[in-house]
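Residue numbers (my numbering): 1107 to 1230. Yeah, the Cβ is synthetic: ideal placement off N, Cα and C, and Gly gets one too.
In structure tokens:
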């Protein structure tokens, strides 16, 4: 089963697919306007958030809390995983990719962050 198939429910899978689509579109636009390094930077920005959100969804879906307190702990743990992945990913991109173009990276990052709450609009 694919990673997207394990995300638990349709809204999460839809949001992840929309994030991947937005990342591809942003990378194409950045590539046309700013060249190859802008496209790569945009793709990295979208990938960071998409991977972090998939990790969040997997962390939540792997847990089966029995109490309200356990549910809150699971959500905090999942959010901590997501934030840690984003911070580590940004550090990795800015230190490891010497030709990073910040504007497309940040713009795509913002677009993909804003797409995640769309999952709340979908019903199973």
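According to the DSSP assignment, residue 1212 belongs to the alpha helix (DSSP H) that extends over 1208-1221. When DSSP states are grouped into helix, strand and coil, residue 1116 belongs to the helix group. Of the other Cβ atoms in all chains shown, fewer than 16 fall within 10 Å of the Cβ of residue 1224; this residue is therefore exposed.
Between the C-alpha atoms of residue 1208 and residue 1170 there is a straight-line separation of about 39 Å.
Taking C-beta atoms under 8 Å as the contact rule, residue 1218 and residue 1128 qualify, at a distance of about 6 Å. Taking all protein chains in view, the Cβ of residue 1201 is surrounded by fewer than 16 other Cβ atoms within 10 Å, so the residue is classified as exposed.
The beta strand (DSSP E) runs lying completely inside the stretch 1151-1209 and spanning 3 residues or more number zero. Under the 8 Å Cβ criterion, the stretch 1150-1161 counts as touching the stretch 1178-1191, having at least three qualifying pairs.
Take residue 1137, set aside five residues on each side of it, and the residues of its chain with a beta-carbon closer than 8 Å to its own are 1144, 1145, 1148, in chain order.
Collapsing the DSSP output to three states places residue 1141 in coil.
Around residue 1177, the same chain offers 1171 as residues with beta carbons nearer than 8 Å, after the five sequence neighbours per side are excluded.
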